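Just below is one structure, and these are the notes that go with it.
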Amino acid sequence: MSVLIFIDQAEGHVKKASLEALSYGAKVAEQLGTTAEGVVLGTVTEDLAALGKYGVKKIHHVSNDTLNHFDAQVFTAVIAQAVTAANATVVIFSNNVDGKAIAPRLAARLKAGLVSGAVALPDTSNGFVVKKNVFSGKAFANIALSSPIKIISLNANSYKIVAGEGTAEVAPLNATVEASRVKVTAVNKVTGEVPLSEAEIVVSGGRGLKGPENWGMIEELAHLLGAATACSRPVADVHWRPHHEHVGQTGLAIAPNLYIAIGISGAIQHLAGVNRSKVIVVINKDPEAPFFKAADYGIVGDAFEVVPKIIEAVKKVKG
Ligand code: FAD
Numbered sequence: 005m006s007v008l009i010f011i012d013q014a015e016g017h018v019k020k021a022s023l024e025a026l027s028y029g030a031k032v033a034e035q036l037g038t039t040a041e042g043v044v045l046g047t048v049t050e051d052l053a054a055l056g057k058y059g060v061k062k063i064h065h066v067s068n069d070t071l072n073h074f075d076a077q078v079f080t081a082v083i084a085q086a087v088t089a090a091n092a093t094v095v096i097f098s099n100n101v102d103g104k105a106i107a108p109r110l111a112a113r114l115k116a117g118l119v120s121g122a123v124a125l126p127d128t129s130n131g132f133v134v135k136k137n138v139f140s141g142k143a144f145a146n147i148a149l150s151s152p153i154k155i156i157s158l159n160a161n162s163y164k165i166v167a168g169e170g171t172a173e174v175a176p177l178n179a180t181v182e183a184s185r186v187k188v189t190a191v192n193k194v195t196g197e198v199p200l201s202e203a204e205i206v207v208s209g210g211r212g213l214k215g216p217e218n219w220g221m222i223e224e225l226a227h228l229l230g231a232a233t234a235c236s237r238p239v240a241d242v243h244w245r246p247h248h249e250h251v252g253q254t255g256l257a258i259a260p261n262l263y264i265a266i267g268i269s270g271a272i273q274h275l276a277g278v279n280r281s282k283v284i285v286v287i288n289k290d291p292e293a294p295f296f297k298a299a300d301y302g303i304v305g306d307a308f309e310v311v312p313k314i315i316e317a318v319k320k321v322k323g
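Residues 5 to 323 in this note's numbering are what the sequence shown lists, from first letter to last.
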């Protein structure tokens, strides 16, 4: 028996979300009195054994060139083999784009119960009950899983990364890798210094910024803070910003430590993607803007006056 954690990587580097999943999975294994194991697919440049410090005892590594490009179908088939190799009864994913694509497929294949978007450790005192957000973060649901194999995908920033001591045994897994039916013709790298889904700080702009030519100050502030940039949906719809920056109900759901919303009204569909942020700062010229109700700090003012002042202040602090 084991708890198996899918270790998501990009260009050979393990994603931060996977470190949260590893720490979470190690704790679940401790709760169940079993061990945590990991599975990683494709070429990895990082020292996998070092991931043992997050509590994982063994890492199954399937190294195959086909796995260097994400294909949900191929990945699912390989992870199913890792589940057998690890004799896993619980499988953990990050609730990111890859996890969202694989977890339901794996659940169907293994006839396993799935809780997507878990926000806390399972309650194992009486069965196996997992808490998740529902209604765009407005409520919680506790879902009891009773299938022999249970699958959880963990929301970002829901569990703290816990690093201790130890190394993991890295075991090459000789899995059958089916040919991908997806042909990758080009890879367009997302611009920006920090990937939005992993960013600790996000500077986000809305229609209040009037046009794409005014995003210079958003990018400058983001650069100074080591932040990622985001936007509201209408901004992406009119192509002021690329769609991968759009956050909200129909875009990316993020949970950074700090979300700075500039010229965004705070519609419920926008809040659905950002209301798990630890601290929200809103800059809006309308004191009645709904976003202020969800804000920890609010600045009522014109973004074109306020943001340059913040940039100057940050520059002064940074020297
Ligand atoms: P606006 O509503 O136009 O607000 C602009 C804000 O900027 C105003 O509050 C204004 O006071 C302020 N402002 C204007 N000038 C300045 C200035 N100079 N300085 C400071 N502030 C200024 N939206 C999303 O964002 N994400 C989603 O995923 C999403 N999904 C949706 C799904 C559905 C089914 C539907 C129906 C809608 C969805 N929407 C989504 C759209 C959503 O309802 C809002 O229309 C949208 O979020 C508004 O974007 P905004 O705040 O940028 O623009």
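For each residue, glycine too, the CB sits at the ideal point set by N, CA and C. Note that this is a predicted model, so its numbers are computed, not measured.
| query | result |
| --- | --- |
| Distance between beta carbons of residue 87 and residue 149, contact taken as under 8 angstroms | Not quite, the Cβ-Cβ distance comes to about 15 angstroms (not below 8 angstroms), so this is no contact. |
| Residue nearest to residue 62 in terms of C-alpha spacing, selected from 147, 50, 90, 246 | 90 |
| Test item, CB below 5 angstroms from any non-hydrogen atom of the ligand FAD | 210, 211, 212, 236, 237, 238, 252, 253, 254, 255, 267, 268, 269, 271, 273, 274, 288, 289, 290, 293, 306, 307 |
| Which listed residue (247, 304, 46) has its alpha carbon closest to that of residue 268 | 304 |
| Inter-residue spacing [alpha-carbon to alpha-carbon] between residue 128 and residue 134 | 9 angstroms |
| Alpha-carbon spacing of residue 257 relative to residue 97, whole angstroms | 16 angstroms |
| For residue 18 and residue 50, the rounded distance between their alpha carbons | 7 angstroms |
| Residue 230 Cβ short of 7 angstroms to the ligand GDP heavy atom set | This structure simply doesn't include the ligand GDP; it includes the ligand FAD instead. |
| Cβ distance (whole Å) where residue 92 is taken to contact residue 153 below 8 angstroms | 7 angstroms |
| Beta-bridge pairing of residue 316 - partner residues as DSSP gives them | Per DSSP, none; premise fails for residue 316. |
| Enclosing alpha helix (DSSP H) for residue 80 [first to last residue] | 76–90 |
| Sequence-distant residues of its chain with Cβ nearer than 8 angstroms to residue 216 (five each side left out) | 243, 244, 245 |
| Proximal residues to residue 311 (C-beta, below 8 angstroms), its chain only, five neighbours per side dropped | 221, 222, 225, 266, 287 |
| Option nearest residue 228 by Cα separation, candidates 211, 206, 158 | 206 |
| Cβ pair count under 8 angstroms reaching 3, the stretch 104–119 against the stretch 73–80 | yes |
| Contact under 8 angstroms by Cβ, residue 232 with residue 275 | no |
| Coil, strand or helix - residue 118 by DSSP | strand |
| Whole alpha helix (DSSP H) elements within the stretch 288–314, 4-residue minimum | 295–298 |
| Through-space distance from residue 261 to residue 297, alpha-carbon basis | 18 angstroms |
| Extent of the continuous beta strand (DSSP E) to which residue 198 belongs | Per DSSP, residue 198 belongs to no beta strand (DSSP E) and is neither H nor E. |
| The stretch 64–73 contacting the stretch 29–48, beta-carbon criterion three pairs below 8 angstroms | yes |
| Alpha-carbon to alpha-carbon, residue 315 and residue 141 | 32 angstroms |
| Beta bridge counterpart(s) of residue 137 as assigned by DSSP | 144 |
| For residue 125, the nearest candidate out of 100, 116, 115, 161 (CA to CA) | 161 |
| Residue 122 beta carbon less than 8 angstroms from that of residue 151 | no |
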